[in-house]
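Step one of this worksheet: look at the structure below.
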Amino acid sequence: MKAHVLVQPGQLEFREVPTPSPDGDGVVVRVHAALTCGTDLKTFLRGHPKFALPMLFGHEFAGEVAAVGADVEGLREGDAIMVAPTAPCGTCYYCVRQQENLCPQVMPTMVHGAYAEFVKLPGAVVRTNLYEKPLSLPYRDAALLEPLACVEHGLSFVSSRPDDTAVIIGGGAITLLHVQSLRARGVEDIIVVARNPRRAAEARTLGVEVLVADAREAGEQVRQRTEGRGADLVVECTGDVEVWQAAVDLARVGGQAVLFGGCPSGTEVRFPTDRLHYDQVQVISPFHFTPRDVRRAYDLLVAGEVAGATVIGGEHALEDLPAALEALRAGGGPKFAILPNGAGNGTRNGRHNSE
């Protein structure tokens with residue numbers, strides 16, 4: 002089969018590689034849509050502390066079952082599926098405390114290789130985070146399951162009210178997913194802070210107020226909008242150290258700041274102690290997702306609460322992945338869909354395979 006291999010930072014090769022076969026408890030998926038993401042772009046540009054190179058590339062995807070292991074029940078060839086590409090062990094110290102995102106097994110066994118014609122899923126992922134895709138949900142929308150699960154994980158720590166004012170910093174796909182997820186929670190007063198005018202325009206299509214400004218310069222405007230208080234909730238979606246620091250500054254006394262974006266390894270941040278102590282600003286630093294977050298993301302996508310058209314800016318053939326990554330780097334769209342095998346809507350109604 003054809004697949005993209007990330008050899009080293011900046012070096013992506015489109016190769017013929019062996020088509021995978023399923024393990025006894027696993028499946029092989031024919032990829033119909035794989036999505037570009039900020040993590041992939043950062044990994045392409047500078048590598049990733051959790052991923053060893055060379056590696057098959059891509060991890061946000063949806064498709065149909067192409068081959069089924071002998072021990073798999075409830076799935077058959079041709080089933081349309083959507084998947085989050087990791088699974089916890091279920092028995093370690095973190096798993097029994099429902100912190101499955103911190104399970105030592107999660108990152109080393111993460112499924113990569115979605116920028117290919119086929120991708121192999123181990124049994125743990127099949128049992129835990131694989132869902133059959135409803136006929137009504139396009140493959141490229143279904144491929145949002147993983148990034149939306151990450152968004153849901155961060156917001157699972159947040160206490161929100163319908164009368165809250167939320168500020169989201171950044172203009173990319175994760176910002177747009179946060180807007181829709183917060184609305185599903187009943188939060189309507191949402192302000193996006195974005196420096197890039199094009200990204201700002203994309204956020205405006207969701208009907209939110211947008212400040213075209215640097216996060217460090219947006220404080221006065223946010224306070225003017227909130228009777229001098231600052232935001233009830235601030236979500237940082239850039240992975241920039243200075244923006245992490247600005248996010249805490251934008252929160253009101255007693256507010257919450259979610260530091261969602263991952264900063265480069267080895268970087269450090271400084272916060273005024275009075276903001277965290279006397280002002281009681283709660284700082285949340287989420288990572289990855291739990292199976293419960295995946296289920297919540299699945300429910301939002303199936304219910305139409307999150308629309309792929311608001312996040313996915315265009316489509317590319319498999320061989321055109323380098324052009325899609327360059328367009329992403331240049332701010333040409335929130336996400337792009339890579340379509341290795343076409344993108345019909347699937348053939349069967351959706352259900353979780355363990356139900």
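Position in the sequence shown (first residue = 1) + 1 = my numbering.
Note that the Cβ used here is the ideal one computed from N, Cα and C, for glycine as well.
As the structure is a computational prediction, the values presented were derived from the model and not from experiment.
#1: For F45, does the count of other Cβ atoms within 10 angstroms reach 16, so buried, or fall short, so exposed?
#2: Taking contact to mean at least 3 C-beta pairs separated by less than 8 Å, is the segment 109–126 in contact with the segment 254–264?
#3: Please name the residue in A63, D165, E78 and H289 whose C-alpha comes closest to that of V84.
#4: With three or more beta-carbon pairs closer than 8 Å as the criterion, would you say the segment 237–249 touches the segment 164–174?
#5: Along the chain, where does the beta strand (DSSP E) containing G256 start, and where does it finish?
#6: Smallest Cα separation from Y299: which of H179, E133 and T166?
#7: Quick one, which of Q181, D142, T129 and A144 has its alpha-carbon nearest E153's?
#8: Can you tell me whether E101 is helix, strand or coil according to DSSP?
#9: Per DSSP, what are the beta-bridge partners of K336 in this structure?
#10: What are the residues that DSSP puts in a beta bridge with F52?
#11: Ignoring anything shorter than 4 residues, give me the alpha helix (DSSP H) runs that lie fully in the segment 63–134, in order along the chain.
#12: Apply the 10 Å Cβ neighbour rule to G345 and answer buried if 16 or more other Cβ atoms are within range, or exposed otherwise.
#13: Which residue comes first and which comes last in the alpha helix (DSSP H) that contains A325?
#14: If the criterion is Cβ atoms closer than 8 Å, does the pair L145 and L36 meet it?
#15: With H, G and I counted as helix, E and B as strand and the rest as coil, what does DSSP make of D215?
#16: Out of L138, R128, L178 and Y140, which has the shortest C-alpha to C-alpha gap to C151?
#17: Going by alpha carbons, who is nearest to Q50 out of C264, L156 and Y140?
#18: Hey, out of V249, G48, V32 and T40, whose CA is closest to Q9's CA?
#19: What is the C-beta distance between P21 and V29, in whole angstroms, given that I count them as a contact (C-beta under 8 Å)?
#20: In whole angstroms, what is the alpha-carbon distance linking T176 and H278?
From the atom records:
#1: buried
#2: no
#3: A63
#4: yes
#5: A252 to L260
#6: E133
#7: Q181
#8: helix
#9: I313
#10: H49
#11: 124–130
#12: Residue confidence for G345 is low, a pLDDT of 45 falling below 50, so the modelled location carries little weight and cannot support an answer.
#13: L322 to R330
#14: yes
#15: coil
#16: L178
#17: The question names Gln, but residue 50 in the sequence shown is Pro. Ranking C264, L156 and Y140 by Cα distance to P50 puts C264 first.
#18: G48
#19: 5 Å
#20: 28 Å
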